[in-house]
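The numbering of the sequence shown is our numbering, which starts it at 8 and goes up by one. To start, the structure under review is shown below, and the notes come after it.
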Amino acid sequence: RLVVGLTLAVASGIAFLTTSANPLEVLAPLVGIVVGGVLVLAPWLLRLWEQVTSERTERARADARSEVAAHLHDSVLQTLALIQRSDDPRAMTGLARRQERELRAWLYGGRDLRGGADRVAGAVDDLVTDVESSVALQVDAVVVGDAPVDAHVAALLSALREALVNVSRHAGVDAASLYVEVEPDRVTAFVRDRGVGFDQDAVDPDRHGLRSSIIGRLERHRGGATVRSAPGDGTEVEAWVPRGRDTAAGQDAPETATEETDT
Numbered sequence: 008r009l010v011v012g013l014t015l016a017v018a019s020g021i022a023f024l025t026t027s028a029n030p031l032e033v034l035a036p037l038v039g040i041v042v043g044g045v046l047v048l049a050p051w052l053l054r055l056w057e058q059v060t061s062e063r064t065e066r067a068r069a070d071a072r073s074e075v076a077a078h079l080h081d082s083v084l085q086t087l088a089l090i091q092r093s094d095d096p097r098a099m100t101g102l103a104r105r106q107e108r109e110l111r112a113w114l115y116g117g118r119d120l121r122g123g124a125d126r127v128a129g130a131v132d133d134l135v136t137d138v139e140s141s142v143a144l145q146v147d148a149v150v151v152g153d154a155p156v157d158a159h160v161a162a163l164l165s166a167l168r169e170a171l172v173n174v175s176r177h178a179g180v181d182a183a184s185l186y187v188e189v190e191p192d193r194v195t196a197f198v199r200d201r202g203v204g205f206d207q208d209a210v211d212p213d214r215h216g217l218r219s220s221i222i223g224r225l226e227r228h229r230g231g232a233t234v235r236s237a238p239g240d241g242t243e244v245e246a247w248v249p250r251g252r253d254t255a256a257g258q259d260a261p262e263t264a265t266e267e268t269d270t
């Protein structure tokens with residue numbers, strides 16, 4: 008290829024210098040010079056391009072490895088160290104579950120759970136992390152869809168936290184499930200447990216956890232809640248709030264602190 012290219016380029020150059028001023032006679036030598044130059048320079052240009060591309064790829068891989076190493080050092084390795092120093096199986100389980108959620112969010116969602124969340128999916132992750140670190144309860148959460156967190160959704164999250172705290176205190180189980188679905192016109196959530204259950208008609212009127220912290224809070228935000236429970240059959244709390252409406256209803260009736268004595 009090198010010999011052919013040089014021969015073609017030199018021959019075309021000589022023909023170009025010895026040709027007349029006729030444009031048609033000048034065109035053929037010019038084409039020959041270009042083709043000969045391509046044959047000579049193409050392999051070198053190709054190797055140069057491959058080298059530049061390879062160096063760029065290696066730099067990107069090195070940056071990615073550094074980012075992964077830094078995140079693992081700041082999160083996973085520190086969590087493993089805490090687990091090694093802990094003698095409480097429940098605490099170790101909570102640390103492992105929290106680290107699992109953080110790692111999944113970082114791998115697939117690109118969000119650090121240690122920061123604030125302004126969308127439903129991230130806020131539910133923060134809620135579960137807070138509950139599991141505060142009370143002895145494991146929460147299996149599923150979120151379908153996503154949306155910004157407004158005043159209505161914030162009230163729903165507070166009600167869900169109260170429902171999960173109720174499970175840890177009264178259901179007699181150490182696990183519960185949380186399902187949240189973002190629909191076009193509302194956000195619906197379910198909290199379920201397989202605990203001892205209770206008779207709603209037998210609840211004392213002075214116990215405010217269910218009526219005020221869950222049902223009353225959601226009604227002030229144009230939502231609602233339905234509690235289904237029976238002794239021995241566990242409990243299911245269905246809660247919902249609207250989307251895309253004026254939040255003035257929630258602002259006109261500010262949330263008040265309620266005593267965490269519930270059913």
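Cβ coordinates follow ideal geometry from the N, Cα and C atoms, glycine included. The model shown is predicted, which means the values in this text are computed figures rather than measured ones.
Alpha carbon to alpha carbon, what distance is there between V198 and Y186?
The sequence position of residue 186 within the sequence shown is 179, counting from 1. The sequence position of residue 198 within the sequence shown is 191, counting from 1. Straight-line Cα distance between these residues: approximately 7 Å.
Figure out for me which residue from A162, R108, E107 and A103 has the closest Cα to the Cα of R224.
By 1-based counting over the sequence shown, the position of residue 224 is 217. Checked all of A162, R108, E107 and A103; the closest Cα to R224 is A162.
Give, in chain order, every unbroken run of the beta strand (DSSP E) that is at least 3 residues long and sits entirely within the segment 67-110.
Counting whole runs of 3 or more residues, the segment 67-110 contains no beta strand (DSSP E) stretch at all.
Give me the residue from A76, D147 and P96 with the minimum Cα distance to L171.
Indexing the sequence shown from 1 puts residue 171 at position 164. Checking every option, the nearest Cα to that of L171 belongs to D147.
Taking the CB atoms as reference points, tell me whether R108 and T136 lie closer together than 9 Å.
Taking the sequence shown and counting its residues from 1, the one referred to as residue 108 is at position 101. Taking the sequence shown and counting its residues from 1, the one referred to as residue 136 is at position 129. Cβ atoms of R108 and T136: closer than 9 Å.
Once you ignore the five residues that flank E262 on each side, which residues in its own chain have a CB closer than 6 Å to its CB?
Translated into the one-based positions of the sequence shown, residue 262 becomes position 255. Here E262 scores only 46 on pLDDT, less than 50, and its place in the model is too uncertain to base an answer on.
Applying the 10 Å Cβ sphere with the 16-neighbour rule, what's the burial state of V41?
Locating residue 41 in the sequence shown gives position 34, where the first residue counts as 1. V41 comes out exposed.
Name the one or two DSSP bridge partners that E243 has.
The count along the sequence shown starts at 1 and reaches residue 243 at position 236. R199 and R235.
Terminal residues of the beta strand (DSSP E) in which L185 lies:
To locate residue 185, count along the sequence shown from 1; it is residue 178. Here the beta strand (DSSP E) through L185 covers A182 to V189.
Using only alpha-carbon positions, find the residue among S141, R218, R201 and V248 that is nearest to D240.
Here residue 240 refers to the residue found at position 233 when the sequence shown is read from its first residue. Residue R201 is the option with its Cα nearest to D240.
Between the C-alpha atoms of V189 and V45, what's the straight-line distance to the nearest angstrom?
Numbered from 1 along the sequence shown, position 182 holds the residue referred to as residue 189. Numbered from 1 along the sequence shown, position 38 holds the residue referred to as residue 45. Taking the straight line joining both Cα atoms gives about 60 Å.
Decide if R68 is buried, meaning its Cβ has at least 16 other Cβ atoms within 10 Å, or exposed.
Here residue 68 corresponds to residue number 61 of the sequence shown, with the count starting at 1. Counting Cβ neighbours within 10 Å, R68 comes out exposed, since fewer than 16 surround it.
Nonlocal neighbours in the same chain, by C-beta distance under 8 Å from R126, ignoring five residues either side:
Against the sequence shown, residue 126 aligns to sequence position 119. Answer for R126: D153, A154, P155 and V156, listed in chain order.
Just to check my reading of the structure: S93 and A143 have Cβ atoms closer than 8 Å, yes? What is that Cβ distance to the nearest angstrom?
Reading the sequence shown from its first residue, position 86 is the one you call residue 93. Reading the sequence shown from its first residue, position 136 is the one you call residue 143. About 15 Å separates the two Cβ atoms, so there is no contact after all.
Have a look at A76 and W247 and give me their C-alpha separation to the nearest angstrom.
Counting from one through the sequence shown, the residue named residue 76 turns up at place 69. Counting from one through the sequence shown, the residue named residue 247 turns up at place 240. Going from the Cα of A76 to the Cα of W247 covers about 41 Å.
Which of the three DSSP states, helix, strand or coil, is assigned to R126?
What you label residue 126 is simply residue 119 of the sequence shown in a count that begins at 1. Three-state result, R126: strand.
Name the residue from E245, A182 and I222 whose alpha carbon lies nearest to the alpha carbon of V194.
The residue labelled residue 194 in the question sits at position 187 within the sequence shown. If you compare the alpha carbons of E245, A182 and I222 with that of V194, the shortest gap goes to E245.
Buried versus exposed, by CB contacts within 10 Å (16 or more), T64
In the sequence shown, the residue the question calls residue 64 occupies position 57. Answer is exposed; the Cβ neighbour count stays below 16.
State the DSSP-derived secondary structure class of V248, mapped to helix, strand or coil.
Here residue 248 is taken as the residue at index 241 of the sequence shown, counted from 1. DSSP, read as helix, strand or coil, puts V248 in strand.
Between the CA atoms of Q85 and D70 - distance to the nearest angstrom
Counted from its first residue, the sequence shown places residue 70 at position 63. Counted from its first residue, the sequence shown places residue 85 at position 78. Roughly 22 Å separates the two Cα atoms.
Taking the C-alpha atoms as reference points, what is the distance between D133 and E57?
Walking along the sequence shown from the start, residue 133 turns up at place 126. Walking along the sequence shown from the start, residue 57 turns up at place 50. When rounded, the distance between both Cα atoms is 46 Å.
By DSSP, does D133 sit in helix, in strand, or in coil?
Taking the sequence shown and counting its residues from 1, one reaches residue 133 at position 126. D133 falls in the helix class under three-state DSSP.
By alpha-carbon positions, which one of Q145, H177, V59 and H159 ends up nearest to S236?
Counting from one through the sequence shown, the residue named residue 236 turns up at place 229. The shortest C-alpha separation from S236 is found at H177.
Residue environment, A103, which counts as buried when at least 16 other CB atoms sit within 10 Å
As a working note, residue 103 is residue 96 in the sequence shown. Its Cβ having fewer than 16 others within 10 Å, A103 is exposed.
Let's test the definition: count the other Cβ atoms within 10 Å of the Cβ of E139 and tell me whether it reaches 16, buried, or not, exposed.
On the sequence shown, residue 139 is found 132 positions in, with the first residue counted as 1. Per the 10 Å Cβ criterion, buried.
How big is the Cα-Cα spacing for V83 and Q106?
Working through the sequence shown from its first residue, we reach residue 83 at position 76. Working through the sequence shown from its first residue, we reach residue 106 at position 99. V83 and Q106: Cα-Cα distance of roughly 7 Å.
Bridge partners - Q145, DSSP secondary structure assignment:
What you label residue 145 is simply residue 138 of the sequence shown in a count that begins at 1. DSSP, once it has assigned bridges, lists A182 as partnering Q145.
Who are R193's beta bridge partners in DSSP?
As a position in the sequence shown, residue 193 is number 186, starting the count at 1. In DSSP, R193 forms a bridge with P249.
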